[in-house]
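The opening residue of the sequence shown carries number 12 in the numbering used here; numbering runs sequentially from there. Heads up, the beta-carbon is just placed ideally off N, CA and C, and yes, glycines get one too. None of the values given here were measured: they were computed from a predicted structure.
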Amino acid sequence: MLVKSDSGEKYLVQYQADNVYTLNVSNLNRIGVHASELLICEFDMLTQTLTYSEGIVMDEAFGEMAKTAAMDNLDKFVYDGKTYAVENTGRKKYAVKYYADSGIQYIAENPGGGFEDAVLAAITEGEKTFEFGGSRYLLDQAAPGAYDIYKFAIGDILFVCSTYSVDILSGAAVPADFVKAALIGYCRGGAFSYNGIDYVISEEIENRDTVVNIYRLGETKNPYARFTTFSVSRHSGSGDLTIEFKEDVRRKIEEMIEQGKSVDTLITKVEKQASDGSVMVDEDGNVIYEDTKVTITRKGDNYTITCDRFRYLIDRYAPPFSEVSTDVHILGTDGDGFDIFARIMYGGRISLMVGFVVVIIETILGIIMGGISGYFGGWVDTLIMRLVEIFYCIPSLPIMIIIGAYLDAEQVNPYIRLIWLMAVLGFLGWASVARLVRGQILSLREQEFMLATEVEGLRVSRRIFRHLIPNVMPQLIVTATAGLGSVILLESTLSFLGLGVKHPLATWGTMINSVSDYNSMVNYTYIWIPVGLLICLTVIAFNFVGDGLRDAFDPKMKS
12 MLVKSDSGEK
22 YLVQYQADNV
32 YTLNVSNLNR
42 IGVHASELLI
52 CEFDMLTQTL
62 TYSEGIVMDE
72 AFGEMAKTAA
82 MDNLDKFVYD
92 GKTYAVENTG
102 RKKYAVKYYA
112 DSGIQYIAEN
122 PGGGFEDAVL
132 AAITEGEKTF
142 EFGGSRYLLD
152 QAAPGAYDIY
162 KFAIGDILFV
172 CSTYSVDILS
182 GAAVPADFVK
192 AALIGYCRGG
202 AFSYNGIDYV
212 ISEEIENRDT
222 VVNIYRLGET
232 KNPYARFTTF
242 SVSRHSGSGD
252 LTIEFKEDVR
262 RKIEEMIEQG
272 KSVDTLITKV
282 EKQASDGSVM
292 VDEDGNVIYE
302 DTKVTITRKG
312 DNYTITCDRF
322 RYLIDRYAPP
332 FSEVSTDVHI
342 LGTDGDGFDI
352 FARIMYGGRI
362 SLMVGFVVVI
372 IETILGIIMG
382 GISGYFGGWV
392 DTLIMRLVEI
402 FYCIPSLPIM
412 IIIGAYLDAE
422 QVNPYIRLIW
432 LMAVLGFLGW
442 ASVARLVRGQ
452 ILSLREQEFM
462 LATEVEGLRV
472 SRRIFRHLIP
482 NVMPQLIVTA
492 TAGLGSVILL
502 ESTLSFLGLG
512 VKHPLATWGT
522 MINSVSDYNS
532 MVNYTYIWIP
542 VGLLICLTVI
552 AFNFVGDGLR
562 DAFDPKMKS
C-alpha cells in the first residue's frame, strides 16, 4: 500500500508476517493510469486557470484548446487525434476527461505487450504489487475503478508496525532500534544483529503457553528478551519498567478481564521517591524499590496504571539556612519538616530523662537487694548473689528486641512505650549496684558504730538505710554518674535499631535512625552528624564527671 506524507513524499507499507508491517522508502515512477476515464485537467472560468492532474503534462496548444472548448460550452474536442470530453462541474468549473479504449493511459513509456493483461490480473486477484519484465509494479487505487500504476524499487525500512512488543528480561529500557531489528529478524528467518551482537529467536513452550524468546548467540541458557503482545510503558514514554512490574500488571489485568472489573488495585514494587520527586538509589547506583499500591483502570481496550506520588508542602530535609525555607533553620529540617535544632534539644531532654530515670531505678533496686544481702549474710546472701549472677547472664538485647516487637504489634502509645523502656532497662541493670553495695556493707557491718546500733536496739531497716547506706553513697554517686553515659548510649542504640522511643517522641537515637539508609546518610549529613557529636560529647562529659567524683571520694587521692 502506498502512503503519502504531508510534504508529498511517498512511502510503501509492506506486509512481512502476521501482525508485522514495515514502512519503506520507495523509489516510485508513475507510468500510467488504469481507468475507463482519465481526468486530464480542470478549468476555472473565473480565474482563467487550468490545473492538470498529478503526473500529466500537456503542451500549451492543448491548454488553449481546452479553455476555448469550455468557454464555448462544447461537450468535446479533438486534439492530436484523440477525443476529450468537457464536463461542467458547477461554479464556473469544467473537467476535461479522456476516455481510453485500452483502459490504460500511459504517462511514461509503455513497458511492452502483455503489460495490460498483467495489470488486469493483479486487479482481479486483489494484488497490490506484481512483476512484469523483471521489474516490480505497484497499483494504488486512486478512486473506485481507477488505479495509478507505479514502477518501484523498495528502499530502506523506516519503521516497523506490529502488535508485538519486546521486553528485555533484565528490566533495562528497550531501544527502538533493537525492537525494529528483532521484528525484522522474526520475519526473516529468526536471526538478527544489533550493535555488533548476534541474536537468535526461538519459539518455546512455557507453562503450556507458546512464547518467543530472544537469545544472544551462544547463550541459550537464559533468554535475553522476549516478544509479547502485552505492552506496558510509561505515560511520558521515557524510562524503563521492570519485567516483574509488567508481569504483575499483566496478571492483574487478566484477572480483571475474567471477573469483569473495570477498576482494581494491586501491591507491587515501584521506584522509591525522594522528597524532591527524584528516584532514590543505593550506594551502587541501583534504583531502590518499595511496595506501592497501584490502581488499574480500564478505558476502552486500554488500561491506565496510576499510583500516588506525594508533593510535600513542608520543608522536608531542608538544608541549614535553606533559601527555599519559609523560616530560618539553623541545622535544617528532617523528613517531617521538624526543625533539627529544636528536635535535638527536645530529643536530648528525653534521652537525659531516660538516663536519669534508669540510673535511679537501678540504684534503688541495687541498694535494697545489696543492703539486705550484705547485712544478713548466710543463706540470704547466697540467694541474692545467685539472683545477681542470673541477671548478669540474661542477654538484655534479645529481651529488648522481643519486648520491642511485642509493643510494635500491640501499637502501644509512644509515652507508655517510653515508660516500659525505662522500667525494663532499670530492672535489668540493678545487679552491678547490688554487688557494689553488698561488698561495702560486708566491710562496714563489723565496725564499732554498727555494734553500737545493735546495743541500742535499733531496727534492722534503720541500721541498714540510716547508718550503712549513707557510708556507701560516695561510691554509689561515682557509679551512677559513670553509668549514666552508658545508659544514654544504650538508649540511643536501641532507638537506632527501632526498639526504643517512637514518633512523635524523639531521642538522639531515633533521629539518627531516621536517616540510617545509605542515600540518606550521604545526602542528609546535617541531621546525623550533629546528633552523633552530641551523643559522644554527653557520654564523655558524664564519664569525666564520674572520674572526677571517684578521685574526689578516693582517700588515696587526698594529701
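- Under the three-state reduction of DSSP, Q270 is assigned to helix.
- Going by DSSP, R309 is part of the beta strand (DSSP E) stretching over Y300 to K310.
- In the pairwise beta carbon analysis, the segment 191 to 211 is classified as touching the segment 223 to 236: at least three pairs are separated by under 8 Å.
- Looking at the backbone, the Cα of Y105 and that of S64 are separated by about 13 Å.
- Secondary structure of I168 (DSSP, three-state): strand.
- Looking at L194, V177 and E502, the one whose alpha-carbon comes closest to that of V368 is E502.
- Rounded to the nearest angstrom, the Cβ distance from F143 to P122 is 6 Å, consistent with a contact under 8 Å.
- Beyond the five residues adjoining it in sequence on each side, I278 comes within less than 8 Å, by CB distance, of D302, T303, K304 and V305 in the same chain, given in chain order.
- V290 sits away from D159, with the two beta carbons spaced by 7 Å or more.
- Per DSSP, the beta bridge partners of V89 are T94.
- About 15 Å separates the beta carbons of V444 and E400, which is beyond the 8 Å limit, so they are not a contact pair.
- The Cβ atoms of F241 and R261 sit closer than 7 Å to each other.
- Proximity to M56 across I325, D312, K78 and D86 peaks at K78, based on C-alpha coordinates.
- Under the DSSP assignment, A416 falls in the alpha helix (DSSP H) whose first and last residues are S407 to E421.
- Between I268 and Y161, the beta carbon gap of about 45 Å keeps them out of contact (Cβ cut-off 8 Å).
- Comparing C-alpha distances from G388 to each of P425, W441 and R449 shows the shortest one belongs to R449.
- Per DSSP, the beta bridge partners of Y109 are L49 and Y95.
- Of the residues assessed, N99 falls on the exposed side of the cut-off, its CB having fewer than 16 other CB atoms within 10 angstroms.
- Y328 sits in coil when the DSSP states are folded into three classes, being neither helix nor strand.
- Taking a 10 Å sphere around the C-beta of A420, we find fewer than 16 other C-beta atoms and assign the residue as exposed.
- Leaving aside the five residues that flank K310 on each side, none in its chain has a CB nearer than 7 Å to its CB.
- For D128, the enclosing alpha helix (DSSP H) begins and ends at F126 to E136.
- In this structure, DSSP gives Y426 a helical state, which the three-state scheme calls helix.
- Listed in chain order, the non-local C-beta contacts of P406 below 6 Å within the same chain number zero, local neighbours out to five positions each way being set aside.
- Taken atom to atom, the span from the alpha-carbon of G440 to that of G559 is near 23 Å.
- N530 and I540 have their C-alpha atoms roughly 15 Å apart.
- In the structure shown, the three-state DSSP call for Q59 is coil.
- Taking L252 as reference, the option from G145, A193 and I316 with the minimal CA-CA separation is I316.
- Beta-bridge annotation (DSSP): N524 is not paired with any residue.
- DSSP, read as helix, strand or coil, puts A285 in coil.
- Boundaries of the alpha helix (DSSP H) around S384: I351 to F387.
- The alpha-carbon separation between Q116 and F126 amounts to approximately 12 Å.
- Comparing alpha carbon positions, the residue from I264, I134, N224 and G415 closest to V243 is I264.
- Collapsing the DSSP output to three states places A119 in coil.
- Where S506 is concerned, the enclosing alpha helix (DSSP H) starts and stops at I480 to F507.
- Fewer than three beta-carbon pairs drawn from the segment 374 to 384 and the segment 413 to 432 are found closer than 8 Å, and the two stretches are therefore not classed as touching.
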